[in-house]
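J.:
Chains as they are written, first to last, in this note's numbering: chain D, 129 to 636; chain L, 60 to 141.
1. Please list the terminal residues of the continuous beta strand (DSSP E) segment that includes residue 118/D.
2. Within 8 Å (strictly less), CB to CB, does residue 69/L reach chain D?
3. If you draw a straight line from the C-alpha of residue 347/D to the C-alpha of residue 146/D, how long is it?
4. Could one say the Cβ of residue 134/D lies closer than 8 Å to chain L's Cβ atoms, at least one of them?
5. Going by the DSSP bridge assignment, what does residue 238/D pair with across the sheet?
6. Please list, in chain order, the chain D residues whose beta carbon lies closer than 7 Å to that of residue 88/L.
7. What residues from chain D crowd round residue 106/L, counting only those whose CB sits closer than 8 Å?
8. Against residue 101/L, what residues of chain D qualify as contacts under a CB-to-CB distance less than 8 Å, listed in chain order?
9. Name the residue from 405/D, 452/D, 420/D and 497/D whose alpha carbon lies nearest to the alpha carbon of residue 465/D.
10. Measure from the alpha carbon of residue 619/D to the alpha carbon of each residue in 103/L, 65/L, 131/L and 96/L, then state which is nearest.
11. Kindly identify the DSSP beta-bridge partner or partners of residue 83/L.
12. Between the stretch 86–104 of chain L and the stretch 534–550 of chain D, do three or more beta carbon pairs fall short of 8 Å?
13. Which value, in whole angstroms, describes the spacing of the CA atoms of residue 320/D and residue 260/D?
14. Using alpha carbons as the reference points, say which of 327/D, 599/D, 294/D and 625/D lies closest to residue 262/D.
15. Can you pull the chain L neighbours of residue 559/D, defined as C-beta to C-beta under 7 Å?
16. Please state whether the Cβ-Cβ distance between residue 251/D and residue 518/D is less than 8 Å.
17. How many angstroms separate the CA atom of residue 548/D from the CA atom of residue 80/L?
18. Name the residues in the stretch 118–139 of chain L whose C-beta lies less than 7 Å from a C-beta of chain D; which are they?
19. Suppose the cutoff is 7 Å on Cβ atoms and the five residues either side in sequence are ignored; what does the same chain contact list for residue 305/D look like?
20. Taking buried to mean at least 16 other C-beta atoms within 10 Å of its own C-beta, is residue 330/D buried or exposed?
21. What do you get for residue 132/L, buried or exposed, if any count of 16 or more other CB atoms within 10 angstroms of its CB means buried?
22. Compute the Euclidean distance between the alpha carbons of residue 643/D and residue 175/D, then round it to the nearest angstrom.
23. Taking 8 Å as the threshold (C-beta atoms), are residue 273/D and residue 310/D in contact?
24. To the nearest angstrom, how far is it from the Cα of residue 264/D to the Cα of residue 241/D?
25. If we require 4 or more residues per run, which alpha helix (DSSP H) segments fall completely within the stretch 147–197 of chain D?
26. Looking only at DSSP bridge pairs, what is residue 560/D linked to?
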């Protein structure tokens, strides 16, 4: 492993990274678009709504329209469990309306845990001397991708990088290229990573262009907390991450650099969850208004224990930790507020929670997850808190997840077709909103599921998966020619045959 | 080097051929959307023409592909006068 000397950055180094001219033009009277007082006013002014009012708002969500902040604040105020049940059911219906009966899977690929920041809740923070620091070489990154694509069968990764000069934009761009280069022979065909999403520090426009040019998938940056004061307390001022606005406007810079799929998120448990859900909605509105495209996905990780984390020793912060019941409400509210977006639930959460919230609106999840640096190639099967950012709650393999989902009638999709034929950015947003995207996804889910079953499934999983495929094909057949043209149906079935015979990466 | 086609021309082609057409730029393994015209339908996406790092996708039941490709060739190579 490449060893790097940890150094706390000097103020001059911080000043080189942050370019105020790249976020200041977006400010209004020097202020960003998160108005803490206004959000609290909206949350406090809403009374518990009537059922009639709730249903009006739900109808708007079902029409795939982004809610207004006051409408979301109104839903947050609901107390009646029977009304919440109605909201859970509507969230599930909306998810089905847009994304159909499928879940997309991916693997996180941690490339470097060197970090110059010192966030109080994070295992990678620079003051944590217990953490083992590593940065993978390109050969090691390829070995990770080979294990993910060749042994597990994932087709998507999210590559994760700490904020450090040794994992800068050039390193990230090289990592993306290296991952795309990997192709592994499988039982019946071959497997490769077809979409590389990135979770990295906020970069400047020039650096983001470098990622755009090598074919980045989604660029994901979480604000962590939208509450200014909490952000200030948790991210020391002498660090790069201490600059709230530089982080908040990174998606603006990404659009400017040509990246058309961006992802937002919030680390729940740092501040009041009601405020954070409102923050996510304001962020969505800002992106929609400025660029005509909202977030491709929204993530809502809950804080989990990290190595030597000061936050876990502070009782006053623990009051914001989110219960399982509230977590389900959070997922439901985000699905209702931003109906078109993809929602990601990760293996941070325990199996029971994941199984529950997958059905109130989540679209993507990870499995066979390893978050230690270089962990896929090592394949130790162990978690070590001093080698990873946090502890996982669900260590199911991809095969176990696929089997569990298949038994519930859900198809696992490895589709990356949108990126291969330009269904990206506002194009895909329009298709999500008008309901067309789910039809393509349905067909591509069948094709990619067939690939995975043939290349990676054990007998039991294959049997469960075959039943799901038969049901899906039957549905497509019934919807031909009303939804699917005869031409499209025939093409899909010819691809299906070719994939069954060992061809790979055919998509609609 | 190939030129991007204007939205005006994309709309004209979409109307003339009764297709959905969109132009993309090849970036690594992906095609990134630039602009499109015509009504989106649930039909296969067909890459009909590539020029440099630009690519043109079409959705249609039937259309005159040869004629469309000829037009795309001309449009992507025409010189821009200011």
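C-beta: ideal position from N, C-alpha, C; glycine also.
T.: So, to answer that:
1. For chain D, the structure presents residues 129 to 636; residue 118/D sits outside this window and is missing.
2. Working through the second chain from its first residue, we reach residue 69/L at position 10. Not a single C-beta of chain D is nearer than 8 Å to the C-beta of residue 69/L.
3. Taking the first chain and counting its residues from 1, one reaches residue 347/D at position 219. Taking the first chain and counting its residues from 1, one reaches residue 146/D at position 18. Near 18 Å, if we compare the C-alpha coordinates of residue 146/D and residue 347/D.
4. Sequence index remark: in the first chain, residue 134/D carries index 6 (1-based). The predicted model places residue 134/D with a pLDDT of 48, which falls under 50 and marks its position as unreliable; any figure quoted below should be read in that light. Answer no: the Cβ-Cβ gap between residue 134/D and chain L never drops below 8 Å.
5. Start at 1 with the first residue of the first chain, and residue 238/D comes out as number 110. Residue pairing by DSSP places residue 238/D opposite 288/D in a beta bridge.
6. The residue given as residue 88/L occupies position 29 in the second chain. Residues of chain D passing the Cβ test: 308, 322 and 343.
7. Residue numbering aside, residue 106/L sits at position 47 when the second chain is read from its first letter. Simply 549.
8. Mapped onto the second chain, residue 101/L falls at position 42. Correct list: 564, 567, 568, 611, 612, 613 and 616.
9. For the purposes of this step, residue 465/D is taken as the residue at position 337 of the first chain. The residue with the shortest Cα to Cα distance from residue 465/D is 405/D.
10. Residue numbering aside, residue 619/D sits at position 491 when the first chain is read from its first letter. Looking from the CA of residue 619/D, the closest CA among 103/L, 65/L, 131/L and 96/L belongs to 103/L.
11. Taking the second chain and counting its residues from 1, one reaches residue 83/L at position 24. Looking at the DSSP output, residue 83/L bridges to 92/L and 114/L.
12. Yes, they touch.
13. Position 192 of the first chain holds residue 320/D. Position 132 of the first chain holds residue 260/D. Looking at the two C-alpha atoms, the distance is approximately 29 Å.
14. In the first chain, the residue the question calls residue 262/D occupies position 134. Checking every option, the nearest Cα to that of residue 262/D belongs to 294/D.
15. The residue given as residue 559/D occupies position 431 in the first chain. Correct list: 99.
16. Here residue 251/D is taken as the residue at index 123 of the first chain, counted from 1. Here residue 518/D is taken as the residue at index 390 of the first chain, counted from 1. Taking C-beta atoms as the reference points, residue 251/D and residue 518/D count as a pair closer than 8 Å.
17. In the first chain, residue 548/D corresponds to position 420, counting from 1. In the second chain, residue 80/L corresponds to position 21, counting from 1. Straight across, the Cα-Cα distance linking residue 548/D with residue 80/L is about 15 Å.
18. Those would be 120, in chain order.
19. Within the first chain, numbered from 1, the residue matching residue 305/D stands at position 177. Hits under 7 Å: 342.
20. Here residue 330/D refers to the residue found at position 202 when the first chain is read from its first residue. Classified as buried, residue 330/D has 16 or more neighbouring CB atoms from the shown chains inside 10 Å of its CB.
21. For the purposes of this step, residue 132/L is taken as residue 73 along the second chain, with counting starting at 1. Answer is exposed; the Cβ neighbour count stays below 16.
22. Absent from the structure is residue 643/D, since the part of chain D shown begins at 129 and ends at 636.
23. Reading the first chain from its first residue, position 182 is the one you call residue 310/D. Reading the first chain from its first residue, position 145 is the one you call residue 273/D. Between residue 310/D and residue 273/D, the C-beta spacing is below 8 Å.
24. Position 136 of the first chain, counted from the first residue, corresponds to residue 264/D. Position 113 of the first chain, counted from the first residue, corresponds to residue 241/D. Distance between the alpha carbons of residue 264/D and residue 241/D is about 9 Å.
25. DSSP runs (the alpha helix (DSSP H)) wholly in the stretch 147–197 of chain D: 164–173 and 179–190.
26. Here residue 560/D is taken as the residue at index 432 of the first chain, counted from 1. Within the DSSP bridge table, the entry for residue 560/D names no partner.
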